[in-house]
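Visitor: In the working numbering, the protein residues as written are 76 to 452. The C-beta atom is built at its ideal place from N, Cα and C for all residues, glycine as well. All figures in this text were calculated on a predicted structure; none of them were measured in a lab. Below: one structure in structure tokens.
Shown next, in the form of structure tokens:
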């Protein structure tokens, strides 16, 4: 099981298609219109994003935006057998929002269905037997028009830094973490991999990281551990649980982040003392040049003291929507050699988790949603 694509519901699909192209380096793939909904599909490397806006009040996008700000409505999973996964979901009591359907195309066969996720999140499940890229447009119902963009029509090439969607993070209400974890275990067969408790003098969160035993899916789930936690701020502004951020994996985090900054993407600031402390950590093995480049691009770095070459590099954009309810992450799982095999570090480092939480606290303070004494202002 892998994260196949992410579907956003927004107020203007064209505006956000242009933003993803100009700022994030994506390429346009297709424009689709049904009587109720306008949809744009973009990709960069192995990352596929879908953005939809309402054409009429009958659109599911309109219904979603009545209850939530713009954000992720569907986290879609690629699976080896839709019938098997849907069967497990049904047996576990999941709500089916799209029964299994099939489309036979010249390039292969697409089977898909969809279940209701936690609260208003949806999970489309796709099984694709073709050799080409998954034809996401085949999932869209009642199309009036479907137009494909010529390669290079807008940009000569994708920025080319993103290989796949690494993970997505789900925020849930206080007290729901165990229930949500158990739901994903029961319904989709995910398994617990890591547990984190992050606490500062002002606020905190609890997190569980879920993964699939036969795929690359990683789904960290967070709940607030204090009333003024940034997770609670998200829940209040999002008016319920939802996807807080999506991580885009790259093989060159420093190059990707420098490119995105040149395109006008803003990232969370990391205080200089973080990099001073980084040099004092056990297992620090970065060259002076690498350390300076990482500090210049304000990238978080983590590693296991027992395997210091297995490094995790992460940077986080500022929220992309008017309210701080969604941001992107750029992540590099730096390859290393172990027992004569090249490996990638898996999971997440507690050091980066803590540093991200503190950086986001600083943004909360700027917004006035975190007092200096930890009390909501």
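Taking contact to mean at least 3 C-beta pairs separated by less than 8 Å, is the region 79-94 in contact with the region 115-123?
Guide: These segments touch.
Visitor: Classify residue 302 as buried or exposed, calling it buried when 16 or more other Cβ atoms lie within 10 Å of its own Cβ.
Guide: Exposed is the call here.
Visitor: With a threshold of 6 Å on Cβ separation, who are the neighbours of residue 85 within its own chain once the five nearest residues in sequence on each side are excluded?
Guide: These residues qualify, in order along the chain: 91, 126, 128 and 145.
Visitor: Consider the C-beta atom of residue 417 and the heavy atoms of the ligand FMN; say whether any pair is separated by less than 7 Å.
Guide: The model on display carries no ligand, and the ligand FMN is accordingly not part of it.
Visitor: Around the Cβ of residue 363, are there at least 16 other Cβ atoms within 10 angstroms (buried) or fewer (exposed)?
Guide: Looking at its Cβ environment, which holds fewer than 16 other Cβ atoms inside 10 Å, residue 363 is exposed.
Visitor: What residue does the alpha helix (DSSP H) around residue 272 start on, and which one ends it?
Guide: First-last for residue 272: 266-274, but that is the beta strand (DSSP E), not the alpha helix (DSSP H).
Visitor: Assign residue 200 to one of three DSSP states: helix, strand, or coil.
Guide: Reduced to three states, the DSSP call for residue 200 is strand.
Visitor: Going straight from the alpha carbon of residue 326 to that of residue 241, what length do you get?
Guide: Cα to Cα, the separation comes out at about 12 Å.
Visitor: Use the C-beta contact count for residue 207: other C-beta atoms within 10 angstroms, 16 or more gives buried, fewer gives exposed.
Guide: Under this definition residue 207 is an exposed residue.
Visitor: Any contact of the region 192-204 with the region 96-111, i.e. 3+ C-beta pairs under 8 Å?
Guide: These segments do not touch.
Visitor: Which term fits residue 287, buried or exposed, when burial requires 16 or more other beta carbons within 10 angstroms of its beta carbon?
Guide: Residue 287 comes out buried.
Visitor: Using only CA atoms, which one of 317, 275, 236 and 155 lies nearest to residue 196?
Guide: The residue with the shortest Cα to Cα distance from residue 196 is 317.
Visitor: Compare the C-alpha of residue 248 against each of 264, 305 and 223 and name the closest.
Guide: Of 264, 305 and 223, the residue nearest in Cα terms is 305.
Visitor: Based on DSSP bridge pairs, tell me the residues matched to residue 239.
Guide: BP columns for residue 239 point to 324.
Visitor: With a threshold of 16 other CB atoms inside 10 Å of the CB of residue 358, please say whether the residue is buried or exposed.
Guide: Exposed, because fewer than 16 other Cβ atoms sit within 10 Å of the Cβ of residue 358.
Visitor: The beta strand (DSSP E) that contains residue 296, what's its start and end?
Guide: Start and end: 293-299.
Visitor: Might you give, ordered along the chain, the residues of its own chain that have their beta carbon closer than 6 Å to the beta carbon of residue 228, omitting 5 neighbours on each side?
Guide: Annotation note: pLDDT 49 at residue 228 (below 50); position unreliable, no value reported.
Visitor: Between the C-alpha atoms of residue 194 and residue 416, what's the straight-line distance to the nearest angstrom?
Guide: So the two alpha carbons sit approximately 42 Å from each other.
Visitor: Tell me the rounded alpha-carbon separation between residue 413 and residue 349.
Guide: Taking the straight line from one Cα to the other gives about 29 Å.
Visitor: Report the residue from 400, 394, 243 and 398 whose alpha carbon sits nearest the alpha carbon of residue 422.
Guide: Measuring from the Cα of residue 422, the nearest candidate turns out to be 243.
Visitor: Taking the DSSP output, what are the residues bridged to residue 310?
Guide: Note: residue 310 sits in no beta bridge, so no partner.
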